[in-house]
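Take a look at the structure below.
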Amino acid sequence: MMTTAAHLTTDELDAFLEDHPTPRATSHLATCAECQMMVTLDREVVYHLGALPEHVPSYRFADGVMARVTVGHPVSAPVVVPATPRALAARRRVLVAGGLTGAAVAGAFGWAILNPAAALGFASPALQQGGHALWAGMQVGLSSAVDQPVLAWVTDMVAAPMRAIPILVGAAGAYALALTGMRHLLTEPAHHARG
Ligand SMILES: [Zn+2]
């Protein structure tokens, strides 16, 4: 019978020792030496516990313990101003968007360096017009950007997510400009060497 397969649980053992055996416990014990041993051991434990002398603490016991206990002043927790869920969500969006954009730009640069001809082929059709102007603009932009403390930029971006949007757009633009710049460097080295 499958009902005798599993050994007795502690509840079933307790019930058996208290003379309220379940039918399953009785039929299992008839065939299981291990559970018979458990019942024997449990009976011994219960017997010896019952044989222990009773000890009733004096009525002054609790007072005696409490007299030796020092109750300290409750520790005041530092005041933490919680960021609103809205602000946290906005911050998380900016960090994720920034990370993804950075990874995309880095990946695109890596690919462009490995495949310069293909990269220039991509950039040329869209940026052939006004390429010189874009390249000059990028140089001006870079020289002024270097003066900015980059860390303040980042903290501003995280504090006010709306400010991140032009920066993210700018990052994509910078990538396009950089491709144009590469085209310049590869195709007109003499022009820049003179300038
Ligand atoms: Zn058993």
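Numbering (the numbering used here), first residue to last: 1308 to 1502.
Glycine included, every Cβ here is placed at the ideal spot set by N, Cα and C.
Please read all numbers here as calculations on a predicted model, not as lab measurements.
Sub-8 Å separation of residue i and residue j beta-carbons
i       : j       : result
Leu1336 : Val1352 : no
Met1489 : Ala1419 : yes
Residue i Cβ short of 7 Å to ligand 1 heavy atom set
i       : result
Leu1315 : yes
Glu1319 : no
Glu1361 : no
His1299 : There is no way to answer for residue 1299, as the model of the chain reaches only from 1308 to 1502.
His1335 : yes
Same chain, Cβ closer than 8 Å to residue i, neighbours up to 5 away in sequence not counted
i       : result
Tyr1482 : Val1412, Ala1415 and Phe1416
Integer Cβ distance of residue i from residue j, believed to fall under 8 Å
i       : j       : result
Leu1486 : Thr1408 : Actually they do not touch by this definition, with Cβ atoms about 16 Å apart.
Residue i (DSSP reduced to helix, strand or coil)
i       : result
Pro1328 : coil
Glu1319 : helix
His1335 : helix
Gly1379 : coil
Ala1500 : Here Ala1500 scores only 49 on pLDDT, less than 50, and its place in the model is too uncertain to base an answer on.
Tyr1366 : coil
Pro1473 : helix
Sequence-distant residues of the same chain with beta carbon closer than 6 Å to residue i, five excluded per side
i       : result
Ala1332 : Leu1315, Glu1319 and Phe1323
Same chain, Cβ closer than 7 Å to residue i, five either side skipped, listed in chain order
i       : result
Ala1478 : Thr1408 and Val1412
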